[in-house]
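**Student:** Numbered per the working numbering, the sequence shown spans residues 1 to 135.
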Amino acid sequence: MFPRSLVEGRKIPPSLVKNKRVQKNMDRIFCSLLAVAAAGHVFGTFKFFEFGTNGFVWALSGGFACALLATINFLRTSRPTDGALRWLTVFGNIGWMGIALLFGESIGNLLDRRVLLHEIAAAGVTCFSVTGFFR
Numbered sequence: 001m002f003p004r005s006l007v008e009g010r011k012i013p014p015s016l017v018k019n020k021r022v023q024k025n026m027d028r029i030f031c032s033l034l035a036v037a038a039a040g041h042v043f044g045t046f047k048f049f050e051f052g053t054n055g056f057v058w059a060l061s062g063g064f065a066c067a068l069l070a071t072i073n074f075l076r077t078s079r080p081t082d083g084a085l086r087w088l089t090v091f092g093n094i095g096w097m098g099i100a101l102l103f104g105e106s107i108g109n110l111l112d113r114r115v116l117l118h119e120i121a122a123a124g125v126t127c128f129s130v131t132g133f134f135r
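1. If you count every other CB in all the chains shown that lies within 10 Å of the CB of Trp58, and 16 or more means buried, which is it?
2. Check for me: the alpha helix (DSSP H) holding Phe91 runs from which residue to which?
3. Between Asn73 and the rest of its own chain, which residues show a CB-CB distance below 6 angstroms, the 5 nearest in sequence each way excluded?
4. Return the residue from the list Arg76, Ala38, Leu68 that minimises the CA-CA distance to Gly132.
5. Among residues of its own chain, excluding the 5 on either side of Thr45, which ones have a beta-carbon nearer than 7 angstroms to its beta-carbon?
Set out below in structure tokens:
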């Protein structure tokens, strides 16, 4: 991340370098969690919906939207200076949190494990997306 000479020359404290690595790893963990949620969404679509029905198509599109959002968030972790990508992920993640809350409301259980998985993952990547504006 930083040139080794800068770290060894004490221009950048080693603790700061370590903290940035920890933050980047935590960010990627939340991205992975969102990807797992997307995979579960797609798997559940094939398991619980009849192929070709309206519900199947909408559930599958939601799973692929979540997978795309996870992919964009992974890309953001590798491009910390890309402001447009950061804004895209912030708004995408906030939108996904809203969709997950609406799903929880529609099934009458906001504490359902599916809702919580999507909410926690989206909230985590949103926090890391927003904190990137202040670095």
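All C-beta atoms in this analysis are idealised placements derived from N, C-alpha and C, irrespective of residue type, glycine included.
**Tutor:** Concretely, from the data shown:
1. On the sequence shown, position 58 is the one that residue 58 refers to. Exposed: under 16 other Cβ atoms inside 10 Å.
2. Looking up residue 91 in the sequence shown gives position 91. Residues 83 to 107.
3. Here residue 73 refers to the residue found at position 73 when the sequence shown is read from its first residue. Excluding positions up to five away in sequence, the list reads Cys31, Thr89, Val125.
4. Here residue 132 refers to the residue found at position 132 when the sequence shown is read from its first residue. That would be Arg76, whose Cα lies nearest to the Cα of Gly132.
5. What you label residue 45 is simply residue 45 of the sequence shown in a count that begins at 1. Once the five neighbours on either side are set aside, the close Cβ partners of Thr45 are Phe56, Ala59, Leu60, Gly63.
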